[in-house]
Amino acid sequence: MAHNDELANAAAQGNIGTVEQLLNNGADPNGINSFGRTPIQVMKMGCPSLCQLLLRHGADPNRQDNQQIAIIHDVAREGFLDTLQVLVEIGMADTNLRDRNNRLPIDLAMQNNHGDVVTYLSNLAQGD
1445 MAHNDELANA AAQGNIGTVE QLLNNGADPN GINSFGRTPI QVMKMGCPSL
1495 CQLLLRHGAD PNRQDNQQIA IIHDVAREGF LDTLQVLVEI GMADTNLRDR
1545 NNRLPIDLAM QNNHGDVVTY LSNLAQGD
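Numbered according to this note's numbering, the sequence shown spans residues 1445 to 1572.
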């Protein structure tokens, strides 16, 4: 668990160098930390390059925590369009994934007035 915590902590701090070093040394990109979350679930959301690094190393963008929340729910709720685009376009994140309250990422973006995120997700839904 300690190695999983180390990677998750580095991801949460947005420390790309440490994350890359740990991954290159065999850290599990889907390892569960002591709080039950993976590095991509706790990563610094405003850091699309960190997201891309984790995805390139096999992080699962659709993994949900015990609240049925995936990273796509978090970035949509908080309005991080650039990170959302990486999750969808590189990580193939599921934009139709529902949380335990049956909310889609677009619902969370609407609730928090993130128009750019809503537009992006709407365009995806329409196949644009």
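Each residue gets a CB set at the ideal place from its N, CA and C atoms; glycine is no exception.
The structure presented is a predicted model; accordingly, all values stated were derived computationally and were not measured.
Cys1495 - containing alpha helix (DSSP H), residue span: In the sequence shown, the residue the question calls residue 1495 occupies position 51. Run containing Cys1495: 1492 to 1500, per the alpha helix (DSSP H) assignment.
Cβ shell of Gln1511 (< 6 Å), same chain only, five flanking positions each side left out: On the sequence shown, position 67 is the one that residue 1511 refers to. Apart from the 5 residues on each side of it in sequence, Gln1511 sits with its Cβ closer than 6 Å to the Cβ of Arg1544 in its chain, given in chain order.
Helix, strand or coil at Gly1458 [DSSP, three-state]: For the purposes of this step, residue 1458 is identified with residue 14 of the sequence shown, where counting begins at 1. In the structure shown, the three-state DSSP call for Gly1458 is coil.
Secondary structure of Thr1563, DSSP reduced to three states: Within the sequence shown, numbered from 1, the residue matching residue 1563 stands at position 119. Here Thr1563 carries a helix assignment [DSSP, helix/strand/coil].
Beta carbon proximity, Leu1466 to chain C, threshold 8 Å: Among the chains in the structure shown there is no chain C, since it carries only a single protein chain.
CA nearest to the CA of Glu1533, picked from Val1463, Leu1568, Pro1483, Gly1523: Here residue 1533 refers to the residue found at position 89 of the sequence shown. Ranking Val1463, Leu1568, Pro1483, Gly1523 by Cα distance to Glu1533 puts Leu1568 first.
Close beta carbons around Asp1538, own chain, < 6 Å, minus the five adjacent residues each side: The count along the sequence shown starts at 1 and reaches residue 1538 at position 94. Taking Asp1538 as the centre and dropping the five residues before and after it, the same chain places the C-beta of Asn1506 closer than 6 Å to its C-beta, in chain order.
Pro1483 versus Ala1553 - alpha carbon distance: The count along the sequence shown starts at 1 and reaches residue 1483 at position 39. The count along the sequence shown starts at 1 and reaches residue 1553 at position 109. For the pair Pro1483 and Ala1553, the Cα-to-Cα distance works out to about 22 Å.
Residues near Arg1521 in its chain [Cβ-Cβ closer than 6 Å; skip 5 each side]: Along the sequence shown, one-based indexing puts residue 1521 at 77. Counting only Cβ-Cβ distances below 6 Å, and skipping sequence neighbours, we find Leu1552, Asn1556.
Selection from Leu1499, His1501, Pro1492 that minimises the alpha carbon distance to Gly1523: Position 79 of the sequence shown, counted from the start, is the residue given in the question as residue 1523. Ranked by Cα distance from Gly1523, the options Leu1499, His1501, Pro1492 are led by Pro1492.
Close-in-space but distant-in-sequence residues of the same chain around Ile1515 (CB under 7 Å, 5 per side omitted): Here residue 1515 refers to the residue found at position 71 when the sequence shown is read from its first residue. Answer for Ile1515: Ile1484, Gln1485, Pro1505, Leu1531, listed in chain order.
Complete alpha helix (DSSP H) runs within the region 1516 to 1569 (minimum length 4 residues, chain order): With a minimum length of 4 residues, the continuous alpha helix (DSSP H) runs that stay inside the region 1516 to 1569 are 1525 to 1533, 1549 to 1555, 1559 to 1569.
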